[in-house]
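**Student:** Counting from 1, one number per residue, gives the positions in the sequence shown under UniProt numbering.
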Amino acid sequence: MKKRYQVLFALSLLSVITFLDRVAISVAGPKIMTDLDLSKEQLGWILGIFALAYCAFEIPTGLLGDRLGAKKVLIRVVLWWSVFTVFTGFATGFGMLLIIRFLFGAGEAGAYPNTAIVLSKWFPVLERGRAQAWIWSASRMGGALTPFLVIPIQTHFGWRASFLFLGVLGILWVVFWKYWFKEQPSEMKGISEKELSEITSHRNQPEAHPRFSWTIFRNRNLLLLMAMYYCYASGAFFFQAWLPTYLQKGRGLNDGDMSFITSFSFVLGALGCLSGGYVCDYLVKRMGPRWGRASVALTGLGLSGLFMLISVFITDNGVATVLLSAGLGLMDFTIPASWSTAMDIGGKNSGFISGAMNTAGQVGSTMNTIGFGYLVTAFGNNYHAPVMLLAILLIAGALLWLKIDATKKIVF
Numbered sequence: 001m002k003k004r005y006q007v008l009f010a011l012s013l014l015s016v017i018t019f020l021d022r023v024a025i026s027v028a029g030p031k032i033m034t035d036l037d038l039s040k041e042q043l044g045w046i047l048g049i050f051a052l053a054y055c056a057f058e059i060p061t062g063l064l065g066d067r068l069g070a071k072k073v074l075i076r077v078v079l080w081w082s083v084f085t086v087f088t089g090f091a092t093g094f095g096m097l098l099i100i101r102f103l104f105g106a107g108e109a110g111a112y113p114n115t116a117i118v119l120s121k122w123f124p125v126l127e128r129g130r131a132q133a134w135i136w137s138a139s140r141m142g143g144a145l146t147p148f149l150v151i152p153i154q155t156h157f158g159w160r161a162s163f164l165f166l167g168v169l170g171i172l173w174v175v176f177w178k179y180w181f182k183e184q185p186s187e188m189k190g191i192s193e194k195e196l197s198e199i200t201s202h203r204n205q206p207e208a209h210p211r212f213s214w215t216i217f218r219n220r221n222l223l224l225l226m227a228m229y230y231c232y233a234s235g236a237f238f239f240q241a242w243l244p245t246y247l248q249k250g251r252g253l254n255d256g257d258m259s260f261i262t263s264f265s266f267v268l269g270a271l272g273c274l275s276g277g278y279v280c281d282y283l284v285k286r287m288g289p290r291w292g293r294a295s296v297a298l299t300g301l302g303l304s305g306l307f308m309l310i311s312v313f314i315t316d317n318g319v320a321t322v323l324l325s326a327g328l329g330l331m332d333f334t335i336p337a338s339w340s341t342a343m344d345i346g347g348k349n350s351g352f353i354s355g356a357m358n359t360a361g362q363v364g365s366t367m368n369t370i371g372f373g374y375l376v377t378a379f380g381n382n383y384h385a386p387v388m389l390l391a392i393l394l395i396a397g398a399l400l401w402l403k404i405d406a407t408k409k410i411v412f
C-alpha cells in the first residue's frame with residue numbers, strides 16, 4: 001500500500017475515534033438525564049457546549065497546524081480530548097459536566113483542520129475529494145458504531161464506564177501517530193520516489209508559513225463558504241446530538257429501535273461521504289473545480305432538507321425515520337465538496353480556511369443544538385418543530401453553492 005494511503009487509513013481511524021467520543025454523550029443522553037436529573041434545556045446546553053468550544057478553538061488550532069505542523073498539533077489535541085472523555089464519566093452534576101464537555105470540545109476542534117493540512121501535503125489535488133470522503137465516511141462509521149459500543153457497556157457497567165473505554169482508544173492512537181507519522185512525505189521511511197513525484201507534481205501546495213489578517217473575512221467567497229457550512233452543520237449536528245433523544249421522546253422508540261435507526265443513519269452518512277467524494281472528483285475532471293464541486297453540494301443539501309421537511313409530516317415511524325436517515329446520507333454526500341473547496345481556495349493556508357469554515361459550522365451547531373430544547377418546550381413538547389427549522393436551513397445552504405467558486409484562491 002502506498003504511504004499516502006497508509007496516512008489516510010491512520011487519519012480515518014482517528015475520524016472514527018473522534019465521532020465515537022462525541023456521539024457517545026448523545027447515545028447516553030437519556031440515561032444521563034435520569035441519573036443527573038437534567039431537564040431538556042440542560043441537556044441542550046450539555047450537547048451544545050461542545051459545539052461552542054469547537055467554534056472558539058477551530059481557527060486557533062488550524063492556524064497552529066499551519067505554523068507548527070499538523071503532527072504536533074494532532075498529538076496534543078487528541079491527548080487533550082481523550083483525557084476529558086475519561087473525565088466525562090466522573091461528572092456528578094450539570095455544572096461539572098458542562099465544564100468537562102467544553103474542554104472536550106476545545107480539543108476536538110483541532111482534529112479536522114489539521115487533518116486537512118495533512119491531506120493538502122500528502123495528496124495531489126485530483127485525489128483530495130476522495131481522501132476527504134474516506135475521512136468523513138470513517139467519522140460516520142464511528143457514529144454508526146457508537147450505539148453498539150456504548151449501550152452494551154452502559155447496560156452492564158453503567159454509562160460512566162463507556163467514556164473511560166473511549167478515552168483509552170484515543171490515547172493509544174496518539175502513541176502510534178507520534179512514532180510513525182512524518183509531517184513531510186519526503187521524510188517518511190520507505191516512501192518511493194515515484195510516489196513522491198505523484199504527490200508533489202500536482203499538490204499545488206507552496207511551502208511557506210501563512211500570513212494572517214482579519215481583513216480576510218471581507219472575502220466574499222470565504223463568507224459564502226462559511227454561511228453554507230453554518231447551514232450544513234446545523235442539520236448535521238442534530239444527528240450527532242439530538243437524534244437518539246428525538247427518536248425516543250419525540251417518536252416513542254425503544255432502546256433497540258433507537259440504536260438501529262441511529263446506526264443506520266450514520267451508515268448512510270458514511271456511504272454518502274464516500275460516493276460524494278468519488279462523484280466530486282469525477283465531476284471536477286469533467287466540469288472543472290467550480291461546478292464539479294458545487295453541483296454535488298447543491299444537490300445533496302437541497303434533497304436532504306426536502307427529505308427532513310417531509311419526515312416531519314409523516315406519522316409512520318418507519319417511513320419517517322428512513323427519510324431522516326436518507327437526509328443525513330444526502331447531507332454527507334456534500335462533505336468532500338465542502339472540504340475540498342476549502343483546500344482549493346486556501347492553498348498553503350488550508351488549515352486556517354478549513355478552520356474558518358468549520359467555525360461557522362459550529363456557530364450553527366451551538367445555536368441550534370442549545371435552541372433545540374427550548375424550541376421543543378416553546379411548542380408544547382413538540383420535537384418536530386426544530387427539525388422543520390433545520391430542514392429550511394439546509395435548503396438555504398444548498399442555494400449558496402450557486403455563488404461559491406472553488407477556483408478563486410484566497411490571497412492573504
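Ideal Cβ placement from N, Cα and C applies to all residues, glycine included.
Report yes if the CB atom of residue 336 is closer than 7 Å to the CB atom of residue 269, and no otherwise.
**Tutor:** Not a contact, by the Cβ cut-off of 7 Å.
**Student:** According to the neighbour-count rule (16 or more other Cβ atoms, all chains shown, within 10 Å of its Cβ), is residue 254 buried or exposed?
**Tutor:** Classification for residue 254: exposed.
**Student:** Considering only their Cβ atoms, is the gap separating residue 132 from residue 401 smaller than 7 Å?
**Tutor:** No, these two residues do not count as a Cβ contact at 7 Å.
**Student:** Go to residue 41, then tell me how far its alpha helix (DSSP H) extends in each direction, as first and last residue.
**Tutor:** Note, residue 41: alpha helix (DSSP H), 40-68.
**Student:** May I ask whether a heavy atom of the ligand PLP can be found less than 6 Å away from the beta carbon of residue 376?
**Tutor:** Judged by which ligands are present, the structure shown has none, so any question about the ligand PLP falls away.
**Student:** If residue 118 and residue 16 are in contact, beta carbons under 8 Å, what's the gap, nearest whole angstrom?
**Tutor:** Rounded, the Cβ-Cβ distance is 16 Å, inconsistent with contact.
**Student:** Which runs of the alpha helix (DSSP H), 4 residues or longer, sit entirely within the stretch 204-270?
**Tutor:** For the stretch 204-270, whole alpha helix (DSSP H) runs of length 4 or above, ordered along the chain, are 220-241.
**Student:** How about residue 53 and residue 93: do their beta carbons lie closer than 7 Å?
**Tutor:** Not closer than 7 Å, so no.
**Student:** To which residues of the same chain is residue 87 closer than 6 Å at the C-beta, ignoring the five residues directly before and after it?
**Tutor:** Excluding positions up to five away in sequence, the list reads 100.
**Student:** Which residue from 263, 67, 35 puts its Cα closest to that of residue 321?
**Tutor:** Of the candidates 263, 67, 35, the one whose C-alpha sits nearest the C-alpha of residue 321 is 263.
**Student:** Buried or exposed: where does residue 11 fall if 16 or more other Cβ atoms within 10 Å of its Cβ makes it buried?
**Tutor:** Answer is buried; the Cβ neighbour count reaches 16.
**Student:** Is it a yes or a no for the stretch 143-153 touching the stretch 353-365, going by three-plus beta-carbon pairs under 8 Å?
**Tutor:** Taking 8 Å as the limit for Cβ pairs, the verdict is that the stretch 353-365 does not touch the stretch 143-153.
**Student:** Any beta carbon of chain B sitting closer than 7 Å to that of residue 362?
**Tutor:** In the structure shown, chain B cannot be found, because there is only a single protein chain.
**Student:** Judging by CA-CA distance, which residue of 115, 345, 35 is the nearest neighbour of residue 62?
**Tutor:** Out of 115, 345, 35, 115 has the C-alpha closest to the C-alpha of residue 62.
**Student:** For a quick check, are the C-beta atoms of residue 289 and residue 332 less than 7 Å apart?
**Tutor:** It is not a contact, given that the beta carbons lie outside the stated cut-off.
**Student:** For residue 36 and residue 126, I'd like the C-alpha separation in whole angstroms.
**Tutor:** So the two alpha carbons sit approximately 50 Å from each other.
**Student:** For the alpha helix (DSSP H) containing residue 108, name the first residue and the last one.
**Tutor:** 94-108 is the span of the alpha helix (DSSP H), which, as asked, contains residue 108.
**Student:** Report the option in 42, 107, 28, 9 whose CA atom is closest to the CA atom of residue 375.
**Tutor:** For the residues 42, 107, 28, 9, the minimum Cα distance to residue 375 belongs to 42.
**Student:** Would a C-beta distance cut-off of 7 Å place residue 233 and residue 129 closer than the cut-off?
**Tutor:** Taking 7 Å as the Cβ cut-off, residue 233 and residue 129 do not qualify as a contacting pair.
**Student:** Any contact of the stretch 182-190 with the stretch 304-322, i.e. 3+ C-beta pairs under 8 Å?
**Tutor:** Verdict: no, contact absent.
**Student:** Among the residues of its own chain, which have a CB less than 7 Å from the CB of residue 196, if the five just before and after it don't count?
**Tutor:** Here the set comprises 185, 186.
**Student:** Assuming residue 71 contacts residue 188 under a Cβ cut-off of 8 Å, what Cβ separation, rounded to an integer in Å, is found between them?
**Tutor:** Actually they are not in contact, since the Cβ atoms of residue 71 and residue 188 sit about 11 Å apart, beyond 8 Å.
**Student:** Find out if the Cβ-Cβ distance for the pair residue 300, residue 245 is shorter than 7 Å.
**Tutor:** Contact: no.
**Student:** For residue 334, name the three-state secondary structure that DSSP assigns.
**Tutor:** Residue state, collapsed to three classes: coil.
**Student:** Going by the CB atoms, is the gap between residue 272 and residue 327 shorter than 7 Å?
**Tutor:** No; because the gap between Cβ atoms is not below 7 Å, this pair is not in contact.
**Student:** Any chance the stretch 386-404 sits against the stretch 223-237, with 3 or more Cβ pairs inside 8 Å?
**Tutor:** As far as the Cβ criterion goes, the stretch 386-404 touches the stretch 223-237, which means the pair count is three or higher.
**Student:** Are the beta-carbon atoms belonging to residue 260 and residue 143 less than 7 Å from one another?
**Tutor:** No, Cβ-Cβ distance for residue 260 and residue 143 is not below 7 Å.
**Student:** Which residues in the same chain have their Cβ closer than 6 Å to the Cβ of residue 49, if we skip the five residues on either side of it in sequence?
**Tutor:** Result list for residue 49: 98, 101, 102, in chain order.
**Student:** Whole angstroms are fine: how far does the CA of residue 198 sit from the CA of residue 190?
**Tutor:** Distance between the alpha carbons of residue 190 and residue 198 is about 15 Å.
**Student:** State yes or no: is the C-beta of residue 174 within less than 7 Å of the C-beta of residue 83?
**Tutor:** No, the pair does not count as a contact, with Cβ atoms beyond the cut-off.
**Student:** Quick one: grab the DSSP three-state call for residue 379.
**Tutor:** DSSP places residue 379 in coil when its eight states are reduced to three.
**Student:** Compare the beta carbon distance of residue 274 and residue 137 with 7 Å and say whether it is the shorter of the two.
**Tutor:** Yes, Cβ-Cβ distance for residue 274 and residue 137 is below 7 Å.
**Student:** From 295, 249, 367, 386, pick the residue whose C-alpha is nearest to that of residue 39; which is it?
**Tutor:** The option with the nearest alpha carbon to residue 39 is 249.
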